[in-house]
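K.L.:
These protein sequence lines map, in sequence, to chains L and Z. Each step along the first sequence adds one to the number in my numbering, with nothing skipped, and position 105 is 580. Each step along the second sequence adds one to the number in my numbering, with nothing skipped, and position 6 is 481.
2 protein chains.
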Amino acid sequence: MQDITGLELSPKKVEYLKFLFKKGGLVRTTDISTQLQVDPSTSTKTIGDLAGTGLVEHIPYRGVRLTETGLKYAEFLVNRHNILSLMLSHYGLSAEEACKETSRFESLVSKAAVDKICTSMGHPMTSVCGKIRHVSCGVP
Amino acid sequence: MQDITGLELSPKKVEYLKFLFKKGGLVRTTDISTQLQVDPSTSTKTIGDLAGTGLVEHIPYRGVRLTETGLKYAEFLVNRHNILSLMLSHYGLSAEEACKETSRFESLVSKAAVDKICTSMGHPMTSVCGKIRHVSCGVP
DNA sequence: CAAATATGTTGGCCATATGCCAAACATATG
DNA sequence: CATATGTTTGGCATATGGCCAACATATTTG
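(1) Quick one: what does DSSP say His565 (chain L) is sitting in, helix, strand or coil?
(2) Shortest alpha-carbon distance to Leu559 (chain Z) belongs to which of Z:Thr542, Z:Phe580, Z:Lys547 and Z:Thr544?
(3) Return the first residue and the last residue of the beta strand (DSSP E) that Ile479 (chain L) is part of.
(4) For the stretch 575-592 of chain L, list every residue whose C-beta sits within 7 Å of some C-beta in chain Z, in sequence order.
(5) In the DSSP assignment, find the unbroken alpha helix (DSSP H) run with Gly527 (chain Z) in it and report its ends.
(6) Can you say whether Met562 (chain Z) is buried or exposed, counting buried as having 16 or more other CB atoms within 10 angstroms of its CB?
(7) Taking only beta carbons into account, state which residues of the stretch 550-571 of chain Z come closer than 9 Å to chain L, listed in chain order.
(8) Does any CB atom of chain Z fall closer than 8 Å to the CB of Ser602 (chain L)?
(9) At a CB-CB cut-off below 7 Å, which residues of chain Z make contact with Ser595 (chain L)?
(10) Please report how far the alpha carbon of Leu546 (chain Z) lies from the alpha carbon of Pro486 (chain L), in whole angstroms.
(11) With a threshold of 8 Å, are at least 3 pairs of Cβ atoms found where one atom belongs to the stretch 580-600 of chain L and the other to the stretch 522-535 of chain L?
(12) Between which two residues does the alpha helix (DSSP H) carrying Glu532 (chain Z) extend?
(13) Taking the CB atoms as reference points, tell me whether Lys493 (chain L) and Leu552 (chain L) lie closer together than 8 Å.
(14) Are Arg540 (chain Z) and Gly500 (chain Z) closer than 8 Å when you measure CB to CB?
(15) DSSP puts Arg540 (chain L) in a beta bridge; with which residues?
(16) Do you know offhand how far Arg608 (chain Z)'s Cα is from Thr519 (chain L)'s?
(17) Please report the residue range of the alpha helix (DSSP H) in which Val489 (chain Z) lies.
(18) In chain order, what residues of the same chain have a beta carbon less than 7 Å from the beta carbon of Met600 (chain Z), not counting five sequence neighbours either side?
Written out as structure tokens, the structure reads:
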């Protein structure tokens, strides 16, 4: 179960999962396309890919929802985002800058590194862009 | 001249430029393919792309060399790598870990962010993986 | 110096990730 | 139930990165 590296998903797919997590419940593919600013057909296709990984469940014409595995994974993704943004904000980047910057590269930062950063920062509870839940963050 | 965002090049091309910078002078495409562990034909092709951007000059069957522009840009790339690695090393990552981690995502970190991080760290002269030259690092 | 060997390049082809458009299809509403 | 709206499918396109086999160029050596 803890064999996740954090590098499983491509940048866009990370966005999808984070959005599904924040939205919660059954989400329409159109909501996703609106949010991520892509064509509805694009979100449908990408959701198809994600469904293939078992992270989401797609009920055609109804919507998408995170599976149990997907939920845990998405939680890690959101925490990673928040931890990295918080780190950057310590170097003079504004909340918005940090958040935007992180969004660009977060998909390439390993869970191992995030865990160390998190530990080093003393497991903060809040970041510049949201709360942090210390579940998937390994050792203390 | 200072309109670089730091996001101009794809990950692999960043690796190529950093290698050319470190090696210096005329570099054989085969050296590149050995170093980056790709087929020689792959390095030749990628070098062709880079030549199209004006960052390198390719003399067929002879080698590749950074242009003046390429040299300055590569210096930024190396500095970015070093600054980011140094930052990560402050969070409990070993030199090797920091360096490896940085290599994965560095191409997606903007010059604007790097400049702020650099300033915030007080313009350090050395990192965990090499010296830092404060030329392309903007304001103090 | 020419033949043999080593090195480098080209062309063809493949895979992944993303994306759009138009057409088909399903669902919801009046 | 007919039409409007929402969703999916299929076709196609781009960018990045990669391999192999065939060809071109250099270098080495007899």
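All C-beta atoms, glycine included, are put in the ideal place defined by N, C-alpha and C.
P.N.:
Walking through what the data contain:
(1) For the purposes of this step, residue 565 (chain L) is identified with residue 90 of the first sequence, where counting begins at 1. Here His565 (chain L) carries a coil assignment [DSSP, helix/strand/coil].
(2) Here residue 559 (chain Z) is taken as the residue at index 84 of the second sequence, counted from 1. Considering only Z:Thr542, Z:Phe580, Z:Lys547 and Z:Thr544, the residue with the shortest C-alpha distance to Leu559 (chain Z) is Z:Phe580.
(3) For the purposes of this step, residue 479 (chain L) is taken as the residue at position 4 of the first sequence. Membership of Ile479 (chain L) in any beta strand (DSSP E) is not indicated, and neither H nor E is assigned to it by DSSP.
(4) Hits within the stretch, in order: Glu576, Arg579, Phe580, Leu583, Val584, Ser585, Ala588, Lys591 and Ile592.
(5) Position 52 of the second sequence, counting from 1, holds the residue named residue 527 (chain Z). Here the alpha helix (DSSP H) through Gly527 (chain Z) covers Pro515 to Thr528.
(6) Residue 562 (chain Z) sits at position 87 when you count from the first residue of the second sequence. Under this definition Met562 (chain Z) is a buried residue.
(7) Within the stretch 550-571 of chain Z, the qualifying residues are Met562, Leu563, His565, Tyr566, Gly567 and Leu568.
(8) Start at 1 with the first residue of the first sequence, and residue 602 (chain L) comes out as number 127. Chain Z, which has no Cβ nearer than 8 Å to the Cβ of Ser602 (chain L), makes this no.
(9) Sequence index remark: in the first sequence, residue 595 (chain L) carries index 120 (1-based). The answer, in chain order, is Tyr566 and Gly567.
(10) Mapped onto the second sequence, residue 546 (chain Z) falls at position 71. Mapped onto the first sequence, residue 486 (chain L) falls at position 11. Spanning the two alpha carbons is a distance of roughly 30 Å.
(11) Counting Cβ pairs under 8 Å, fewer than three are found: no touch.
(12) Reading the second sequence from its first residue, position 57 is the one you call residue 532 (chain Z). Glu532 (chain Z) -> not in any alpha helix (DSSP H); beta strand (DSSP E) instead, spanning Val531 to Ile534.
(13) Here residue 493 (chain L) corresponds to residue number 18 of the first sequence, with the count starting at 1. Here residue 552 (chain L) corresponds to residue number 77 of the first sequence, with the count starting at 1. Yes; because the gap between Cβ atoms is below 8 Å, this pair is in contact.
(14) Here the question's residue 540 (chain Z) lines up with position 65 in the second sequence. Here the question's residue 500 (chain Z) lines up with position 25 in the second sequence. In this structure, Arg540 (chain Z) places its C-beta atom within 8 Å of the C-beta atom of Gly500 (chain Z).
(15) As a working note, residue 540 (chain L) is residue 65 in the first sequence. The secondary-structure analysis by DSSP pairs Arg540 (chain L) across a beta bridge with L:Glu532.
(16) Residue 608 (chain Z) sits at position 133 when you count from the first residue of the second sequence. Residue 519 (chain L) sits at position 44 when you count from the first residue of the first sequence. Each residue's alpha carbon lies about 47 Å from the other.
(17) Here residue 489 (chain Z) refers to the residue found at position 14 when the second sequence is read from its first residue. Looking at the DSSP string, the run of the alpha helix (DSSP H) that includes Val489 (chain Z) is Pro486 to Lys498.
(18) Position 125 of the second sequence, counted from the first residue, corresponds to residue 600 (chain Z). These residues qualify, in order along the chain: Lys606 and Ile607.
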